[in-house]
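Colleague:
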Amino acid sequence: MSENQNLLAEQRRALILDEVRRRGGVRVNELTRRLNVSDMTIRRDLDALARQGVIEKVHGGAVPVVEASTHEPGFEAKSALELSAKEDIARTAAAMAQPGSAIALSGGTTTYALARHLLEVPDLTVVTNSVRVADVFHDAQRPASGRAARPGTATVVLTGGVRTPSDSLVGPVADRAIDSLHFDLLFLGVHGISAEAGLSTPNLAEAETNRRFVRSARRVVVVADHTKWGTVGLSSFATLDEVDAFVTDAGLTAGAREEITEHLPGLVVAGEAREPQESREAHGAREAAGETVHPG
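By the working numbering, the letter at position 46 of the sequence shown is numbered 505, and the numbering carries on one by one without gaps.
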């Protein structure tokens, strides 16, 4: 009896590990339905796999353990992480978008959350390389049963390109499209952000596409939860000097806040009071005039 149970557990854990690696992450509730076992059984399996060092447990599920600089989790795996933080960040960042402006949104689960809040901002022109972000605006303008469509929510331009695990479109086609455009504001999701490496991603093609986004924007706002600070991906695509504001959540430590404000004119912690935001040009002009400038 005991041997059979152990064998079944080994088979089940092998299936779980294969699913984690294939999809870039899994959720506990998905595994319970697929394997027809209890929540507690799945959690014990994840504990055992984590002790083996082949997965990393996260809230509500697990992701594979690989080299941090090259690992790119899938969209579904990332969407289960830091949900409340992303919602706070999205709500705060949406207030920066002015009606009638041209904005760009990069790929990522935080920009996906932001897109839902931007539905309330009228007359936007939105350029994105995220299939998921484009779907948010498309679905809002499409009539559904019992609900009228939102007319004129936004004009949306989806770049072409090669699709990444995070459902972003990257590569030469996307790069050429972005090069021909100019944005009032760019909302940029990142894999990692640090003082030394700046903004980085594990995907080389995505790094180049993000460089084009930054180059084409008058104002750059990074939207990322506190776990992204100190993370470094394979390829850097922008320095902190190229960023106007970093919108994050209250989980950011005091030490990290101090380090960030040494490099960025605008640290915005969602849910906390802040001074009105200003551009890096205005910030630099005030510093040159000898004024004391406090981070926003």
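Cβ coordinates follow ideal geometry from the N, Cα and C atoms, glycine included.
For clarity, every value in this text was computed on a predicted model and none was experimentally measured.
Just checking, does the stretch 714-732 make contact with the stretch 581-593 on the three C-beta pairs under 8 angstroms criterion?
Modeller: In short, these stretches do not touch, since the Cβ pair count stays below three.
Colleague: Measure the CB-CB distance between Ala544 and Asp643 and report whether it falls below 8 angstroms.
Modeller: No, the Cβ-Cβ distance between Ala544 and Asp643 is not below 8 angstroms.
Colleague: Over what stretch of residues does the alpha helix (DSSP H) that includes Leu508 continue unbroken?
Modeller: Element bounds for Leu508: Asp498 to Arg510.
Colleague: Pairs of beta-carbons, one from the stretch 646-664 and one from the stretch 692-706, closer than 8 angstroms: are there three or more?
Modeller: As far as the Cβ criterion goes, the stretch 646-664 touches the stretch 692-706, which means the pair count is three or higher.
Colleague: Using the C-alpha atoms, what's the distance from Thr690 back to Glu515?
Modeller: If you take the alpha carbons of Glu515 and Thr690, they lie about 16 angstroms apart.
Colleague: Three-state secondary structure (DSSP) at Pro631?
Modeller: Note: Pro631 maps to helix in three-state DSSP.
Colleague: Just curious, the alpha helix (DSSP H) that Ala554 is in, first and last residue?
Modeller: Here Ala554 belongs to no alpha helix (DSSP H), and DSSP marks it neither H nor E.
Colleague: Give the DSSP-derived three-state secondary structure of Lys569 in the structure shown.
Modeller: Reading off the sequence, residue 569 comes out as Thr, not Lys. Note: Thr569 maps to helix in three-state DSSP.
Colleague: What are the complete alpha helix (DSSP H) segments, minimum 4 residues, inside the stretch 649-713?
Modeller: Whole alpha helix (DSSP H) segments, 4+ residues: 663-675.
Colleague: Hey, out of His722, Phe596, Tyr571 and Arg622, whose CA is closest to Asp582's CA?
Modeller: Taking only the C-alpha atoms, the option nearest Asp582 is Phe596.
Colleague: Can you grab the Cα-Cα spacing for the pair Leu467 / Ile475, in whole Å?
Modeller: Taking the straight line from one Cα to the other gives about 12 angstroms.
Colleague: Between the C-alpha atoms of Ala709 and Val728, what's the straight-line distance to the nearest angstrom?
Modeller: Between Ala709 and Val728, the C-alpha separation is close to 6 angstroms.
Colleague: When we look at the beta-carbon of Thr618 and count the other beta-carbons within 10 Å, is it buried (16 or more) or exposed?
Modeller: Buried.
Colleague: May I ask you to report which of helix, strand or coil DSSP gives Leu726?
Modeller: Leu726 falls in the strand class under three-state DSSP.
Colleague: Work out the CA separation of Leu494 and Thr570 for me, nearest whole Å.
Modeller: Approximately 33 angstroms, taken between the alpha carbons.
Colleague: Whether or not the stretch 502-522 and the stretch 477-494 are in contact is what I'm after, with contact meaning three or more pairs of Cβ atoms, one per stretch, closer than 8 angstroms; do they touch?
Modeller: With the cut-off at 8 angstroms, the stretch 477-494 and the stretch 502-522 touch.
Colleague: Out of Asp506, Asn488 and Leu564, state which residue places its alpha-carbon closest to the alpha-carbon of Asp626.
Modeller: When each option's Cα is compared against that of Asp626, the closest is Leu564.
Colleague: Quick one: what's got a C-beta closer than 7 angstroms to Ala556's C-beta in the same chain, skipping five residues either side?
Modeller: Hits under 7 angstroms: Ile562, Leu577, Val580, Leu583 and Leu644.
Colleague: With DSSP as the reference, label Leu577 as helix, strand or coil.
Modeller: Leu577: helix per DSSP, three-state reduction.
Colleague: Please tell me whether Val513 and Ile501 are closer than 8 angstroms, where the distance is taken between their beta carbons.
Modeller: It is not a contact, given that the beta carbons lie outside the stated cut-off.
Colleague: Going by the CB atoms, is the gap between Gly566 and Gly692 shorter than 8 angstroms?
Modeller: It is not a contact, given that the beta carbons lie outside the stated cut-off.
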